[in-house]
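K.L.:
In terms of our numbering, the sequence shown opens at residue 49 and continues consecutively. Virtual Cβ for every residue (Gly too), placed ideally from N, Cα, C.
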Amino acid sequence: MTYDIQELQAKVDDIFAQVVTLRRQLHMHPELSEHEVNTSQLIQNELARLEIPYQSDIAGHGICATIYGKDKSHGVGLRADMDALPLTEMADVPFKSKEPGVMHGCGHDIHTAILLGTARILNEMKEDLSGSVQLLFQPSEETIGGAEQMIGAGCLENPRVSSVIGLHVDTAVDAGCVQFIPGAMNAASCEFYVTVTGKSCHGAHPSEGIDSLLASCTMISSLQSIITRKIDPAEAALITVGQFHSGTKNNIISGESKFSGIIRTLNMENRSFIKEQIEEICKSTARAYGASCSLEFHDSYPSLENDDQLLAWIKPVCEEVLGKDHVLLCTKPSLGADDFAYFCHGTRGLYYNIGARRPGEKNAYPIHNNRFNPDEACIKTGILTEVLAVLTVLKEESRQW
Ligand SMILES: [Zn+2]
Ligand SMILES: [Zn+2]
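1) Just checking: is the beta-carbon of L343 within a distance shorter than 8 Å of some beta-carbon in chain C?
2) Note down, one range per segment and in chain order, each beta strand (DSSP E) of at least 3 residues found wholly within the stretch 179-225.
3) Is the distance from the Cβ of I275 to the Cβ of A263 below 8 Å?
4) With 16 other CB atoms within 10 Å as the buried threshold, where does Y337 fall?
5) What is the rounded straight-line gap between the Cα of K120 and the Cα of A201?
6) Measuring straight from C-alpha to C-alpha, what distance separates N298 and E324?
7) Please confirm whether any heavy atom of ligand 1 lies closer than 7 Å to the CB of H83.
8) Can you name the start and end residues of the beta strand (DSSP E) that H43 belongs to?
9) By a C-beta neighbour count over all protein chains shown, 10 Å radius and 16 as the cutoff for buried, is Y399 buried or exposed?
10) Let me check understanding here. Comparing Cα to Cα, which of I300, L352 and L163 lies closest to V60?
11) With distance defined between alpha-carbon atoms, name the residue in G125, K174, L98 and L70 nearest to A161.
12) Let's see if you can read the secondary structure: which residues bound the beta strand (DSSP E) around R277?
13) Comparing C-alpha positions only, which one of G384, F321, K331 and P350 sits nearest to I279?
14) Which two residues bound the contiguous alpha helix (DSSP H) that contains L95?
15) Rounded to the nearest angstrom, what separates S43 and V289 at their Cα positions?
16) What is the C-beta distance between I402 and V217, in whole angstroms, given that I count them as a contact (C-beta under 8 Å)?
17) Which class does K363 belong to by DSSP, given the choice of helix, strand or coil?
18) Any chance the CB of I415 is under 7 Å from a heavy atom of ligand 1?
19) Does the Cβ of E327 lie closer than 7 Å to at least one heavy atom of ligand 2?
20) Hey, quick one: how far does the beta strand (DSSP E) through C238 stretch, first residue to last?
21) With 16 other CB atoms within 10 Å as the buried threshold, where does A282 fall?
22) Specify the secondary structure class of Q325 as computed by DSSP and reduced to three states.
23) Quick check on DSSP: helix, strand or coil for F420?
24) Distance check for M233 and A412, CA to CA, integer angstroms please.
25) Run through the DSSP bridge pairs and tell me what E304 is partnered with.
26) Is it true that the CB of L261 sits closer than 8 Å to the CB of G295?
27) Please confirm whether any heavy atom of ligand 2 lies closer than 7 Å to the CB of D259.
28) Compute every distance between the C-beta of H77 and the non-hydrogen atoms of ligand 2, then say whether any falls below 7 Å.
29) Please check the pair S211 and L358, which I expect to be a contact at CB under 8 Å, by giving their CB distance rounded to whole angstroms.
30) Could you name the residues of the same chain whose beta carbon sits closer than 6 Å to that of A236, not counting the 5 residues immediately before and after it, in chain order?
31) Below 7 Å, is the gap between the Cβ of C9 and the nearest heavy atom of ligand 1?
32) How far does the beta strand (DSSP E) with I111 in it extend, from its first residue to its last?
Shown next as structure tokens:
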């Protein structure tokens with residue numbers, strides 16, 4: 049379909065105040081991951097009001113809604129996360145959190161409100177849409193990765209969704225701008241746990257025992273050689289040991305030590321490789337010290353890899369509407385993790401940042417800070433770019449259906 053950009057912008061301006069109201073309602077009543085009951089209800093009420101069919105209670109409190117276009121069996125997905133963080137809000141805003149110790153400190157209230165605004169505009173255009181739009185209101189981003197469960201529950205199957213678009217607010221970027229990161233944007237993540245078993249004895253007679261602490265220290269130091277000597281230096285990866293527990297008394301050789309940490313990599317191959325290497329170093333070091341060791345790995349989110357084709361379609365459209373100087377390209381990925389990554393494996397995905405820094409603001413508080421206070425003007429940019437992304441991808445993809 050063809051659309052009038054001025055008309056689209058006017059529509060966004062029209063609904064802006066109402067979307068801000070929704071956002072503030074969400075902000076005042078934040079709910080932690082896996083507990084998004086009232087958040088889900090607010091979304092359902094809005095979808096019902098717009099007469100958009102939906103399914104609730106997916107992956108916990110998630111909602112999957114569908115705007116049916118001309119082709120009802122194919123569509124584009126849009127994802128918004130819904131959960132808040134265990135923070136006590138210190139931002140001085142009139143719509144401050146009313147829930148003690150819980151705060152929308154990652155902007156997921158904004159993401160949800162934007163998607164409701166986008167849904168409203170796309171729903172009004174549905175007769176002209178070449179395909180359908182799957183609205184994914186996703187719970188538990190901050191903990192268990194609701195995205196994986198939503199995919200498992202079939203949210204991308206009917207209509208068949210081959211591309212999913214998502215956004216995140218960023219107070220390091222000016223409001224009114226969007227920022228794209230080609231290729232790898234966020235890391236694949238894995239937690240590891242190592243237990244080293246030796247033999248305790250008196251600290252004055254170490255040769256009678258096996259020192260699990262000394263063996264563990266060697267392991268922890270050696271692990272960093274995986275990053276510096278086994279991984280291509282042009283590829284980012286990290287190992288962080290964040291916990292180390294050993295021993296009970298100054299004069300006892302420690303019989304058991306435990307340490308644990310995280311692995312982050314920008315592709316899935318390196319994650320598997322580092323896991324193998326950690327196992328190899330720990331087991332062979334334990335052997336050398338006469339100790340034994342056991343390891344556990346818990347894979348978390350996969351790498352978030354943006355699709356080149358989606359970027360090539362969507363970026364020029366954003367440039368046309370927002371102006372070239374409002375569309376930024378960042379080539380530096382972050383080793384943070386986001387469960388949008390699940391949508392990038394299996395389907396293709398594009399995740400981008402929307403600027404949320406006020407004009408001239410210096411040192412704006414970042415996400416996960418208890419004074420985080422994004423500029424609500426970003427809501428307009430969010431809705432406009434989501435609508436444009438859907439129209440663009442539907443136009444391009446429907447040629448192949
Ligand atoms: Zn977060
Ligand atoms: Zn977030």
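P.N.:
Let me spell this out:
1) Of the protein chains in the structure, only one exists, and it is not chain C.
2) 179-186 and 208-222
3) no
4) buried
5) 19 Å
6) 34 Å
7) no
8) Since the displayed the chain opens at 49 and closes at 449, residue 43 lies outside it and no answer follows.
9) buried
10) L163
11) L70
12) That residue, R277, is in no beta strand (DSSP E); its alpha helix (DSSP H) goes S260 to R277.
13) F321
14) V85 to R97
15) Within the shown structure, residues of the chain are numbered from 49 to 449, placing residue 43 beyond reach of any answer.
16) 6 Å
17) helix
18) yes
19) no
20) A236 to T245
21) exposed
22) helix
23) coil
24) 22 Å
25) T245
26) yes
27) no
28) no
29) 6 Å
30) T313, M316, R319, P350 and S351
31) Residue 9 lies beyond the residue range present for the chain, which begins at 49 and ends at 449; the question has no answer from this structure.
32) G110 to I115
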